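Novice: My structure is below; once you've seen it, I'll send some questions.
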Amino acid sequence: MTADTTNATATPTASPTAGRAKPSAAEIRRRRIRRQLAQGWKAFSANTPGLIGLIVLLVVIAIAILAPVLVPSSTLDVTKVTAKAFEAPSSHALLGTDYTGRSLLGMLVWGARASLTVGFTATIMSTVIGTLIGMAAGHFHGVTQAVLMRVIDFFLVVPSLVLAITLSSIVGASLLTIIISIGVTSWAGTARLVRSETLTIEARPYIERAWALGASDWHIIVKHVLPAVMPIVLSNTTLAVGSSIIAESTMAFLGLGDPMVISWGSILKSAMDTGAATAGYWWYVIPPGIAIVIVVLAFTLVGRALEAVVNPTLRER
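Numbering-wise (UniProt numbering), the sequence shown opens with residue 1 and increments by one.
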């Protein structure tokens, strides 16, 4: 009797999870994203070349943003320049001067601003176009797929730089024209990549279950395909920025850019127009060329490191 009374009056031990609210679906999703980002950063930081490339890019981007502070635009005004033309590098002008007496170091700083702006903006435009068309070409079938594939094949066969130069020469020379020309002509590679990834994703069992439950095309693309292709799109975008910078420099060198905007390509063009290369003024040609190589190499290193994060098999190699 005593034992029964004791058992009846004993207070049950509280569970460790009693009174604790279960996390919502949104909270679970946020935790999973944070965990994936932490794992991705750990894998990226283990890639030494990629980390060096990221540091270089951050420094160049900071210089481009702070260009008005580091080199006031008034110092590059040809009406206020007091230095001699084609002055060799010295303590007064660390990288020498151009044919008007402007500091080439200051021009490189402002050139980073224009070149990076074109690189990022044109790449974002081409990535958006390529991702949308690639997902549509991989998701839909029949006539829609056939038409989209023929359009993609056309832009793949014809070099994007040739199309960009043609479009820019028709519309007119300006920085905006270069951005649009590069953006609307260099998306085919991204579209091919996204289409291939879309076909792989839609062959998975959970997509078949979603179809069986009555999911629409919009639901499949937005809720399942788009989040799955974003990692590979991100790594491809990083590589595409370098290509856009090279394309901008080429078009500016050919005189298709805005002559009033300083970019690395326009510096090389002015060096060619004034005969600096043949006259032995190496400081007019080498610094902008090195700047282009360093930035493009940094984007390539970061892109390769992101590819290793997205594709673990590359990491194992």
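C-beta atoms are modelled at their ideal positions from N, C-alpha and C, and glycine is treated no differently. Remember, predicted model here, so these are calculated numbers, not experimental data.
From SER249 to LEU176, what distance separates their C-alpha atoms?
Specialist: For the purposes of this step, residue 249 is taken as residue 249 along the sequence shown, with counting starting at 1. For the purposes of this step, residue 176 is taken as residue 176 along the sequence shown, with counting starting at 1. The alpha-carbon atoms of SER249 and LEU176 are separated by roughly 14 Å.
Novice: Buried or exposed for VAL309, please, with buried defined as at least 16 other CB atoms from any protein chain shown within 10 angstroms of its CB.
Specialist: Stepping through the sequence shown from its first residue, residue 309 is reached at position 309. Buried, since its Cβ has 16 or more Cβ neighbours within 10 Å.
Novice: According to DSSP, simplified to helix, strand and coil, what is THR274?
Specialist: Here residue 274 is taken as the residue at index 274 of the sequence shown, counted from 1. If DSSP states are grouped into helix, strand and coil, THR274 belongs with coil.
Novice: So for THR97, helix, strand or coil by DSSP?
Specialist: Translated into the one-based positions of the sequence shown, residue 97 becomes position 97. THR97 falls in the strand class under three-state DSSP.
Novice: Using the rule of at least 16 other Cβ atoms within 10 Å of the residue's Cβ for burial, across every protein chain shown, is PHE299 buried or exposed?
Specialist: Here residue 299 refers to the residue found at position 299 of the sequence shown. Under this definition PHE299 is a buried residue.
Novice: Over the uninterrupted alpha helix (DSSP H) stretch that includes HIS139, give me the two end residues.
Specialist: Within the sequence shown, residue 139 is the residue found at index 139, counting from 1. Per DSSP, HIS139 belongs to the alpha helix (DSSP H) from 104 to 139.
Novice: Taking only the alpha-carbon atoms, compute the straight-line gap between ALA210 and ALA228 and give it to the nearest angstrom.
Specialist: As a working note, residue 210 is residue 210 in the sequence shown. As a working note, residue 228 is residue 228 in the sequence shown. Using only the alpha carbons, I get a separation of about 15 Å.
Novice: Rounding to the nearest angstrom, what Cα-Cα distance links ILE245 and ILE262 in this structure?
Specialist: Numbered from 1 along the sequence shown, position 245 holds the residue referred to as residue 245. Numbered from 1 along the sequence shown, position 262 holds the residue referred to as residue 262. Answer to the nearest angstrom: the Cα atoms are 14 Å apart.
Novice: According to the neighbour-count rule (16 or more other Cβ atoms, all chains shown, within 10 Å of its Cβ), is THR144 buried or exposed?
Specialist: Residue 144 sits at position 144 when you count from the first residue of the sequence shown. Its Cβ having fewer than 16 others within 10 Å, THR144 is exposed.
Novice: On the three-pair Cβ rule with 8 Å, is the stretch 162 to 177 touching the stretch 195 to 209?
Specialist: The answer is no - the stretch 195 to 209 does not touch the stretch 162 to 177, with fewer than three Cβ pairs under 8 Å.
Novice: Measuring alpha carbon to alpha carbon, tell me which residue in ALA212, HIS92, LEU226 and VAL147 is nearest residue 331.
Specialist: The chain is shown from 1 up to 317; residue 331 falls before or after that span and cannot be answered.
Novice: Whole angstroms are fine: how far does the CA of VAL109 sit from the CA of VAL59?
Specialist: Sequence index remark: in the sequence shown, residue 59 carries index 59 (1-based). Sequence index remark: in the sequence shown, residue 109 carries index 109 (1-based). Each residue's alpha carbon lies about 12 Å from the other.
Novice: Taking the alpha helix (DSSP H) that LEU176 belongs to, which residues open and close that run?
Specialist: In the sequence shown, the residue the question calls residue 176 occupies position 176. From DSSP, the alpha helix (DSSP H) with LEU176 extends over 175 to 185.
Novice: Using 8 Å for Cβ pairs, my map puts GLY101 next to VAL71. What's the rounded Cβ distance?
Specialist: Stepping through the sequence shown from its first residue, residue 101 is reached at position 101. Stepping through the sequence shown from its first residue, residue 71 is reached at position 71. GLY101 to VAL71, Cβ: 15 Å. No contact.
Novice: Consult DSSP for GLU197 and reduce its assignment to one of helix, strand or coil.
Specialist: Here the question's residue 197 lines up with position 197 in the sequence shown. GLU197: helix per DSSP, three-state reduction.
Novice: Along the alpha helix (DSSP H) that carries LEU156, what are the first and last residues, could you check?
Specialist: Within the sequence shown, residue 156 is the residue found at index 156, counting from 1. Residues 143 to 157.
Novice: Taking DSSP as the reference, what is the three-state secondary structure of ASN47?
Specialist: Within the sequence shown, the letter at position 47 stands for residue 47. In the structure shown, ASN47 sits in coil (DSSP, three-state: anything other than H, G, I, E or B).
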